[in-house]
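Asks: Have a look at this one before I ask anything.
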Amino acid sequence: MKRKWYGGDTGLTIRMFLVMFMLAAVYLLFITFLWAWGMDFFTLAIIAGLLLGAQYFFSDKIALWSVGAREVSPTEAPELHAMIERLAVSVDLPKPRVALVESNVPNAFATGRSPNNSVIAVTSSLLNRLQPEEIEAVLAHEMSHVRNRDVMVITLASFFAMIANFVMRSAMFGSMFGGYGRRRDEREGGNAVIIVYLVSLLVWLISFVLIRAISRYREYAADRGSAIITGSPSLLASALVKISGTMQRIPQQDLREVEGMNAFFIVPAISGASIMELFSTHPSIEHRLERLKKMEQEMETLR
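Take the sequence shown: its position 143, counted from the start at 1, is 130 in my numbering, and no numbers get skipped.
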């Protein structure tokens, strides 16, 4: 049965729009700057586009390979498949493929460029540590990522950040040969390289912060989606508390083995001290729990 949508989060929508607008403005200025300084932007765009295409079309395979996940059949994991199938029907989506990661870190993630190419992966530790209702809430969170096409959104948002990173590397390499660009004769080559490098670095840094802001907002949206799909925000809240609490007791080596996938995980596997939320791909657990509690109250008034 499809779940009723309990209204949108206007504040979240506005903030996400503003971040996307600022990101687009930064990229437009970056393109203008590169053109003004005579850089062969077309070649750079082609190279970055090829990298983007590889990431876009093979994101699911890359993500699964990076954590040693393997796809499992309904025979191997009948309960997990049944949960995901029920959730897919409830949100009118094709059933994602299912993968399992043998890991001591309790976590889950979704990947794939579209609902038709999606995969939901869970770790063995998550299945062992959470109650079935909590597992379903976590899977509903990941199903919301699939529904919202978050992998595609983040990949496209990262496009010009990739170009900026490539320009920085090109500028460093070009400085070894006295600069580059068709207007090299009009300026001192060394100064041009330094300016291009600094501007590219600035664009990359701004993109880094803004893309992480987008990622955090997508996590809030997926939390909201889970609450709506399951009809119980408290189930996801309980799962988040258990997962984040378990992280503190997991050996550092196990965390480091999977923390390259933190942008995808429902809770980052962070070794050592927590990092500043501004530079994180996820909101703090405290902020997520506050929103889920508020949503629980809102849903209670509508029942």
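Think of the CB as a built atom: it goes at the ideal place given N, C-alpha and C, for glycine as much as any other residue.
On a CA-only basis, which of 53, 41, 122 is nearest residue 70? Give me that one, please.
Replies: The residue you call residue 70 lines up with position 83 of the sequence shown. Here the closest residue by C-alpha is 122.
Asks: Buried or exposed: residue 186, going by 16 or more other Cβ atoms within 10 Å of its Cβ?
Replies: Numbered from its first residue, the sequence shown carries residue 186 at position 199. So residue 186 counts as buried.
Asks: Helix, strand or coil for residue 275? Go by DSSP, reduced to three states.
Replies: Translated into positions along the sequence shown, residue 275 becomes position 288. Residue state, collapsed to three classes: helix.
Asks: Using a Cβ distance threshold of 8 Å, determine whether the stretch 99 to 111 contacts the stretch 202 to 217, with at least three qualifying pairs required.
Replies: The answer is no - the stretch 202 to 217 does not touch the stretch 99 to 111, with fewer than three Cβ pairs under 8 Å.
Asks: Determine the DSSP secondary structure at residue 117, reduced to helix, strand or coil.
Replies: Locating residue 117 in the sequence shown gives position 130, counting from the first residue. DSSP places residue 117 in coil when its eight states are reduced to three.
Asks: Between the beta-carbon of residue 100 and the beta-carbon of residue 136, is there less than 9 Å?
Replies: Here residue 100 corresponds to residue number 113 of the sequence shown, with the count starting at 1. Here residue 136 corresponds to residue number 149 of the sequence shown, with the count starting at 1. Yes. Within cutoff.
Asks: Excluding the five sequence neighbours on either side, which residues of its own chain have a C-beta within less than 8 Å of the C-beta of residue 270, listed in chain order?
Replies: Your numbering for residue 270 matches position 283 in the sequence shown. 203, 206, 207, 264.
Asks: Cβ of residue 139 within 9 Å of Cβ of residue 214?
Replies: Counted from its first residue, the sequence shown places residue 139 at position 152. Counted from its first residue, the sequence shown places residue 214 at position 227. No; because the gap between Cβ atoms is not below 9 Å, this pair is not in contact.
Asks: For residue 85, which residues does DSSP report across the bridge?
Replies: For the purposes of this step, residue 85 is identified with residue 98 of the sequence shown, where counting begins at 1. Residue 85 pairs with 107.
Asks: Find out if the Cβ-Cβ distance for the pair residue 47, residue 105 is shorter than 9 Å.
Replies: Start at 1 with the first residue of the sequence shown, and residue 47 comes out as number 60. Start at 1 with the first residue of the sequence shown, and residue 105 comes out as number 118. Yes, Cβ-Cβ distance for residue 47 and residue 105 is below 9 Å.
Asks: Tell me which same chain residues have a C-beta within less than 7 Å of the C-beta of residue 226, skipping the five on either side of it?
Replies: Counting from 1 along the sequence shown, the entry for residue 226 is found at position 239. Result list for residue 226: 117, 121, 124, 125, in chain order.
Asks: How long is the line joining the alpha carbons of residue 13 and residue 78, rounded to whole angstroms?
Replies: Along the sequence shown, read from residue 1 onward, the residue named residue 13 stands at position 26. Along the sequence shown, read from residue 1 onward, the residue named residue 78 stands at position 91. Approximately 35 Å between the Cα atoms of the pair.
Asks: Just tell me which of 93, 65, 87 has its CA closest to the CA of residue 57.
Replies: Mapped onto the sequence shown, residue 57 falls at position 70. For the residues 93, 65, 87, the minimum Cα distance to residue 57 belongs to 87.
Asks: Within the continuous alpha helix (DSSP H) that includes residue 56, where are the two ends?
Replies: Here residue 56 is taken as the residue at index 69 of the sequence shown, counted from 1. No alpha helix (DSSP H) contains residue 56, which DSSP labels as neither H nor E.
Asks: How many angstroms separate the CA atom of residue 68 from the CA atom of residue 60?
Replies: Taking the first residue of the sequence shown as position 1, residue 68 is located at position 81. Taking the first residue of the sequence shown as position 1, residue 60 is located at position 73. Their backbone Cα atoms lie some 8 Å apart in a straight line.
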